[in-house]
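Heads up, the thing below is written out as structure tokens.
Protein chains: 8
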Amino acid sequence: MEIKDLLDQVKKGSLSVEEAEGILRKRPFEEMGYAKLDGQRELRTGFAEVVFCQGKADEHLLSIYKRLYEMDGRVFGTRASKHQYEWIRECFPQVKYDEVSRILRIDAPGDEERKLEGCIAVCTAGTADIPVAEEAAQTIEYFGSKAVRIYDVGVSGIHRLLSRVDVIQEANCVVTIAGMEGALASVIGGLVNKPVIAVPTSVGYGANFGGLSALMTMINSCANGIAVVNIDNGYGAGYMATQINRLAVGGNTHE
Amino acid sequence: MEIKDLLDQVKKGSLSVEEAEGILRKRPFEEMGYAKLDGQRELRTGFAEVVFCQGKADEHLLSIYKRLYEMDGRVFGTRASKHQYEWIRECFPQVKYDEVSRILRIDAPGDEERKLEGCIAVCTAGTADIPVAEEAAQTIEYFGSKAVRIYDVGVSGIHRLLSRVDVIQEANCVVTIAGMEGALASVIGGLVNKPVIAVPTSVGYGANFGGLSALMTMINSCANGIAVVNIDNGYGAGYMATQINRLAVGGNTHE
Amino acid sequence: MEIKDLLDQVKKGSLSVEEAEGILRKRPFEEMGYAKLDGQRELRTGFAEVVFCQGKADEHLLSIYKRLYEMDGRVFGTRASKHQYEWIRECFPQVKYDEVSRILRIDAPGDEERKLEGCIAVCTAGTADIPVAEEAAQTIEYFGSKAVRIYDVGVSGIHRLLSRVDVIQEANCVVTIAGMEGALASVIGGLVNKPVIAVPTSVGYGANFGGLSALMTMINSCANGIAVVNIDNGYGAGYMATQINRLAVGGNTHE
Amino acid sequence: MEIKDLLDQVKKGSLSVEEAEGILRKRPFEEMGYAKLDGQRELRTGFAEVVFCQGKADEHLLSIYKRLYEMDGRVFGTRASKHQYEWIRECFPQVKYDEVSRILRIDAPGDEERKLEGCIAVCTAGTADIPVAEEAAQTIEYFGSKAVRIYDVGVSGIHRLLSRVDVIQEANCVVTIAGMEGALASVIGGLVNKPVIAVPTSVGYGANFGGLSALMTMINSCANGIAVVNIDNGYGAGYMATQINRLAVGGNTHE
Amino acid sequence: MEIKDLLDQVKKGSLSVEEAEGILRKRPFEEMGYAKLDGQRELRTGFAEVVFCQGKADEHLLSIYKRLYEMDGRVFGTRASKHQYEWIRECFPQVKYDEVSRILRIDAPGDEERKLEGCIAVCTAGTADIPVAEEAAQTIEYFGSKAVRIYDVGVSGIHRLLSRVDVIQEANCVVTIAGMEGALASVIGGLVNKPVIAVPTSVGYGANFGGLSALMTMINSCANGIAVVNIDNGYGAGYMATQINRLAVGGNTHE
Amino acid sequence: MEIKDLLDQVKKGSLSVEEAEGILRKRPFEEMGYAKLDGQRELRTGFAEVVFCQGKADEHLLSIYKRLYEMDGRVFGTRASKHQYEWIRECFPQVKYDEVSRILRIDAPGDEERKLEGCIAVCTAGTADIPVAEEAAQTIEYFGSKAVRIYDVGVSGIHRLLSRVDVIQEANCVVTIAGMEGALASVIGGLVNKPVIAVPTSVGYGANFGGLSALMTMINSCANGIAVVNIDNGYGAGYMATQINRLAVGGNTHE
Amino acid sequence: MEIKDLLDQVKKGSLSVEEAEGILRKRPFEEMGYAKLDGQRELRTGFAEVVFCQGKADEHLLSIYKRLYEMDGRVFGTRASKHQYEWIRECFPQVKYDEVSRILRIDAPGDEERKLEGCIAVCTAGTADIPVAEEAAQTIEYFGSKAVRIYDVGVSGIHRLLSRVDVIQEANCVVTIAGMEGALASVIGGLVNKPVIAVPTSVGYGANFGGLSALMTMINSCANGIAVVNIDNGYGAGYMATQINRLAVGGNTHE
Amino acid sequence: MEIKDLLDQVKKGSLSVEEAEGILRKRPFEEMGYAKLDGQRELRTGFAEVVFCQGKADEHLLSIYKRLYEMDGRVFGTRASKHQYEWIRECFPQVKYDEVSRILRIDAPGDEERKLEGCIAVCTAGTADIPVAEEAAQTIEYFGSKAVRIYDVGVSGIHRLLSRVDVIQEANCVVTIAGMEGALASVIGGLVNKPVIAVPTSVGYGANFGGLSALMTMINSCANGIAVVNIDNGYGAGYMATQINRLAVGGNTHE
């Protein structure tokens, strides 16, 4: 049973507060030997647990997908390999895999018709930053907010960015993704009056040192209203952007 | 004339749209030779221009304070030295200086009675982080939000933090300030479901490398909903926290 | 002949002190051309020589296993590849390989029934740290101490850790293993009054720089009673934890 | 009243368990505005709270010394400046200051006659490392263990070290302090079978990068049984060495 | 005698080629014990020798100024302190010192009326970059090119820059000076079709690491036509910009 | 239709200004979903858009080649793999691939007979730097300038360089390419009076750290007239050298 | 014809000085298009040209081997792959390849009977350092000096080293090779009174950062008479050791 | 009594072997509490003990000078401050201080007339490197070798160096000192066939990072026969150069 259903039943009276509490109490700290699944996470934070697939053993990954599916009726995994997709698909034929973002998800019925709320702009400096941007954008959508994609607007061709400023300014929060010199965050920070979450990417060559150059640029930004997440961490940026967007639209729960 | 007054007059009809536009047009890019003051900044972003005092020549600093005072009726400066305070005080006896935060401000009449809105928690790991925390907290208050101070709750004595969790969870946004190992952000990130802005500080000794250790810890945090600003950048964290709090309370302007 | 047997025979009188000395004198600095095996190591330190398998040529590895087996009746190797396991197995069918910890060992008869003494807690922040943790835990057990495993208790879900505090506090020493932000060591350091050995791991992505981020966090810890070993060095942590545990239980020899 | 006295009174019956609990309950988290003093620390960890003097404002430092003196009857501060010594002396004429270690302490009556237990060796590579070594040694003595000082035995004159090996081998734990190339820890690690705590120091010049070179050497040591604390952190090394020594001598409390 | 005069006399016939050669032959490698002055430098490169004053002993500096004045009739020194100015002024009352750029120069008669050729734009991101910019601009002017100053046009207020684009586009070369995130070079690189020389500056705080952050941003720029000189090296940028401008205006000599 | 042809037709009257404007207006920001092709780039900068092939998906690469071929009649790509060459060749049999420089190009008819103007010297320290040098040299030639190759003249055999000095001194600009210690740029900088663009390369081993050592050497050069581009960025150096050479020969357009 | 033979003929009168000069003049800067072979190198430095095989294309490598064989009658290459060995062997069946040192050599008749002069000690800390040590030792032997190998004497088992001190002290120069903490150089530096050349190696794991840790240790050594070459640069150490040994034995030429 | 005199007396028979042994036995490990003076150092290594003055307390420095003077009749100290000079002079009026090299020495009678043997070239890139060069040159002279100074021959004016090549080539060993890009070592390495000891210096600005840039350049040198000592370590370079020169001139003792 999903948490929302459980709460609905409480609201409708078909489940007593005590019964609901009992069900919930069984959920936290699901001990799986190699991992502890957090069954009350969505209740506590408004965000269901998400699986970081990279490096997980096949059997472990499957067990986690199974258990989360039982608990929530949906599963959302990031950094999945194509092999992991094929492996999970044997058990869950309905699983969907996006090669660009490397997201591996099982939707609950009706998830696709959900109305997304508010607006978050997701901008990239180049085309090579798109995989990270899609991880951010799809995370945002999974958690119920609307994402507007504005790609390939790097500062070395500033007119491309300026032609889209109005769209960016309408968002409640901007996720800005760039590698190499990472200057896009500063320029956008100066153009909007909403929080900007900057994501350095590891793409590039030479003295970019796996994303360190972009990270340093973004951390040192002279523009106001910018904060930075880890290199290539599209998921983290999407998560925080959703928190901010929910505050703006006046709700804080997964709808 | 302050922007708000100008707009009020337009609303009341005592100033035509054209006249108002004419006044505003004169404001942007006030060229001062050594600097360009941004007269439309508050109108555009909801935040008045703030002065970064550190390293400014005495004469330049005074000119900037004078010009901003003429435009806005108030001035807010960060990283001011005691000498700069005494220098500005000769011309503006009403200027106030806080030695801890190093903020040097001239308030407009009534500023102190202003009602602060929403709630932002400002937490520090140790007592040495308080100067940065005060820069954040007073910035938050200057821009019209309420700041709750929770100091000296570092993770090596986790019970100190846990005893204050309820207060932190009520805030719309949490500013977390820590030096050395900087682990506080991760722990708080796991305890709240609101955005956390992490500020590494340069205080400490040994292998902290001027704040780099805390910066790396915070950027690598496994908790969700954390983003990082520059080392010692209390102002930047306070600014972004205000943006988020304004979104939460449903307004976006300096009231 | 194993050292303990030799000493037992001396004690029982079946071997004179002079004979024993003669046997032992032949042991040190066993020159193998490409390496010098330390035959008196266990006598001198209470710890038998352990093989670092990684990068060793097949023939060299086998010779070393053969020689140590002759001298001690058991062999313990770390960082072994699956290929090395298969290679050694051809000669020693009884060899055991653990794919998680990559430990490749030949036990002496009765080793498995040995009573383990004292108690060392081995904690990890995430599931990805388990290989390093198992290297530590199995090293601890090999050298005769008891290891209690407490995995996946990272600080971004502090309640998972707090629910196990009582177990951790009972240990004579705590090995704490974490990658990325590495904050677990500081939190545990504040919760126990026994020595904490921190092991940074290289797992993760982005700005973790192969474990450097966790290393810096741990070295800068503000908690007392923490010291750090090399990135991914589970063996080294297990070794030192055993030294400490032996001091606590009042013995210092391999039993 | 000191904790030990309180417990003694409970044992003797002159104080009921309930009364003792009431007194203790008042102690934790002594809120001093700018800091939280940990009144139950000694009870919980066996180590009284120690003051890190560096960077503390005069007034704050004095308040902390006063409060800890009230609670414990003794105060121990590290990294104190000569100015801080003179400042505290005005209020506490009995305070003692050691210019080498920069330790500023108020002893309780009888502290100097206390019998020190066990044995910890404190070794330095050069004479420039002595300030850090004295911070470690005096911390060890303050917490009730015996420290044996072996200074200026750096590896570039290995005979100096070898002539003292027997003394070092008798200790339950060895604190090894070195700057520049920091090789002493590895050599000692190979000569003893007890835990070695390595402290890199920032003294030197050239490519030592404020102690980073020694830190890297020590972390990469190929000897077993070595763990590393922060650059110049003599206090931290002395603290952990005391924990280990207490385990070896069979007690764990401040006697 | 200045080189140009010498050559003019050769051209006019008042000095034979052999005589001129004799005079010139005496000039190279003027050995001053502590330094080798390069008397043929202007002849060989079109640029007279310039003095890097920083760190030079008073007596040495004066000797160098005297000798260069004898050879060329003018002297140009960078990174001079106020003390050095006062010291040189005692011997050369006509020396001029600019506190912002720290340039200490003796002009030849008529130098100030010289017509400057071509056009080089010198842009800064902030006001704190002006000292480096002035070092570049005055170097450019000293070597005979025209410098247009465009200061405080950092990318966090992109409209300030865009309002000056036309001026920048008219230059033959652009010197771009910025600290902290250093993003200005990329934006300008995308707006002009002339070479851009980027100068990172060390001004700022936090994770700028003395200019390293800006250096990395600029080196990693995705815009075309950008190359980078050392941190704070205004002189070097001005020198190379002059070389380029001379190529554009069709001459290559100091006029 | 190529831009030059279009302009020629305007000049000849066979196309009205309005018609030309209409055609051009359709060109900028060609939105391809995953990328924005810059159709007016050549018009604006005198350099046609160049494709950075590395990491591009097959389908995307082909679309970009097709679109640029339509627009300009030629395509120039850098960092192409052999696989990408074979892939593009299926559609464009006339495509040419150079394995050394990894340049993948489609020429317009007559491109090969074009007269190259001015002169740029391209020097390398060793033979391993030749791939980067060829990327630079062929870029220079593609954009219409003449490149003179002077390879394997590293400073550890200074006579090899000195024997070619006269050729280098005749160029309008020198591209200097070196890995490891990267000292070649300084030596050449002291031998010529034209701008030197230095390219660090990542070739080598040991403490070269992927080109960082050469980058630091070049940035710190004491010679005048040197600026540095990113590690291995032969294209960027060739681009800027072309800009400078065009200024010298008095033209600024692709002829 | 080899240089020595040529000179012998001059001495014997079978070749006039002029003829010899003519032959030699043809040799320098043998231009091979992609490389410049230095035919007078042995004459000038006493060391024949050596080939750095790594990364060279097959055809280029073969041409170089052929040309050097023609000139000198022998070829010596370092960092050769097994593939390169097989490739060269097709043309030169007498070529010899050593898999450990990766040296690929063609000897001249009689080379193996050559008497080696003087003595150089080559020491390693561990067995993993042997490939670098063999590169050094075989280079030493190729250039005509005697190499004594002392392997696996790392400082964590100092007795292994001390048992060989007498042999090391007899050498004219010591090459010391170590990875990880690299402390061996300091200990040996304190035991001998001859020059020590230290070679950091990249072998190891964790925070060794590809050899940087050992490099920093060695550069910061407090022992006298130590200098450091690049990471893994066994050839460079062998070369310099030979220079020193030749000075000691009173000759400086390849005999 | 000096060691040489003692040995001479033994040779002449005025002192028995037993008496000499008795005198010598008293000398090693002179324990001074804070330091261990090495009285047999000269006997063992051919080099008397040298004092590193920097950071030594006044009283300690004086005691060390007194004791070494008693033992050897002369004292040689490096990195002395002017204050230390004045302090030592009160007790030893004959002490000499050189402000450039910061060497503080007491000579034995006749030291100045000593004949210096062999030849070592000491080269600097710039004038700012002279203090380090003088530390090297005077160390060389103190230990009895001849030093030839060749200053200000940096590679950006290669003709200055080439004009002195013949002098450099005559030396048995070359000490090469350079800051910033440090390229001088590579160029000299290619010009001579004797060992080159490279010393990076910390002088400069910008991205030289306290000498790290020059250190990296020198370590990565492609020239043969170069090894590197620590940043600013003129003494260490002079020491090793003397070792090499002594080997070349056939002796190894302080004459």
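Residue numbers (the numbering used here), protein chains in the order written: chain S, -6 to 248; chain W, -6 to 248; chain C, -6 to 248; chain P, -6 to 248; chain V, -6 to 248; chain Z, -6 to 248; chain G, -6 to 248; chain L, -6 to 248.
Glycine is no exception: its CB is placed at the ideal position from the N, C-alpha and C atoms.
- Task: Give the DSSP-derived three-state secondary structure of residue 44 (chain P) in the structure shown.
- Result: strand
- Identify, in the order they occur along the chain, each residue of the same chain with its Cβ nearer than 6 Å to the Cβ of residue 2 (chain C), setting aside the five sequence neighbours on each side. 8
- Item | Simplified DSSP state of residue 56 (chain Z), which is helix, strand or coil | helix
- Item | Cβ pair residue 173 (chain V), residue 201 (chain S) closer than 8 Å | no
- Message: Can you tell me whether residue 142 (chain P) is buried or exposed? The criterion is at least 16 other CB atoms within 10 Å of its CB, across all chains shown.
- Response: exposed
- Could you tell me the boundaries of the beta strand (DSSP E) in which residue 96 (chain G) lies? 96 to 99
- Query: Are the CB atoms of residue 238 (chain L) and residue 165 (chain L) nearer to each other than 8 Å?
  - Reply: yes
- Message: Can you confirm whether residue 129 (chain Z), when its beta carbon is compared against all beta carbons of chain G, has any partner nearer than 8 Å?
- Response: no
- Closer than 8 Å to chain L by CB, residue 210 (chain Z): yes
- Identify every run of the alpha helix (DSSP H) within the stretch 161 to 199 of chain G, keeping only runs that are complete inside it and at least 4 residues long; order them along the chain. 177 to 184
- Query: For residue 69 (chain W), which three-state DSSP category applies?
  - Reply: strand
- Message: Can you determine whether any heavy atom of the ligand HEM sits closer than 7 Å to the C-beta of residue 154 (chain G), and answer yes or no?
- Response: Here there are no bound small molecules, and the ligand HEM is not part of this structure.
- Query: With burial defined as no fewer than 16 other Cβ atoms inside 10 Å of the residue's Cβ, what is the status of residue 124 (chain Z): buried or exposed?
  - Reply: buried
- Please report the Cβ distance between residue 90 (chain C) and residue 73 (chain C), rounded to the nearest whole angstrom; I am assuming they are in contact, meaning their Cβ atoms lie under 8 Å. 7 Å
- Where in the stretch 77 to 116 of chain V do unbroken runs of the beta strand (DSSP E), each at least 3 residues long, occur, reported from the N-terminal end onward? 89 to 91 and 96 to 99
- Task: Go ahead and pull the three-state DSSP assignment for residue 148 (chain C).
- Result: helix
- Query: What residues from chain W crowd round residue 64 (chain S), counting only those whose CB sits closer than 9 Å?
  - Reply: Under the 9 Å cutoff, chain W gives no residues; its nearest Cβ is about 18 Å from residue 64 (chain S).
- Task: Name the residue from Z:95, Z:54 and Z:70 whose alpha carbon lies nearest to the alpha carbon of residue 80 (chain Z).
- Result: Z:54
- Message: Does chain G have any CB closer than 8 Å to the CB of residue 85 (chain L)?
- Response: no
- Query: DSSP state of residue 246 (chain V), grouped into three classes?
  - Reply: The pLDDT assigned to residue 246 (chain V) is 37, lower than 50, so where the model puts this residue is not dependable; a value taken from the coordinates is nonetheless given after this. Three-state result, residue 246 (chain V): coil.
- Message: Among P:121, P:87 and P:156, whose alpha-carbon lies nearest the alpha-carbon of residue 184 (chain P)?
- Response: P:156
- Query: Should residue 77 (chain Z) be labelled buried (16 or more other beta-carbon atoms within 10 Å of its own) or exposed?
  - Reply: buried
- Item | Per-residue DSSP class, three states only, for residue 143 (chain V) | strand
- Is the CB of residue 201 (chain L) under 8 Å away from at least one CB in chain Z? yes
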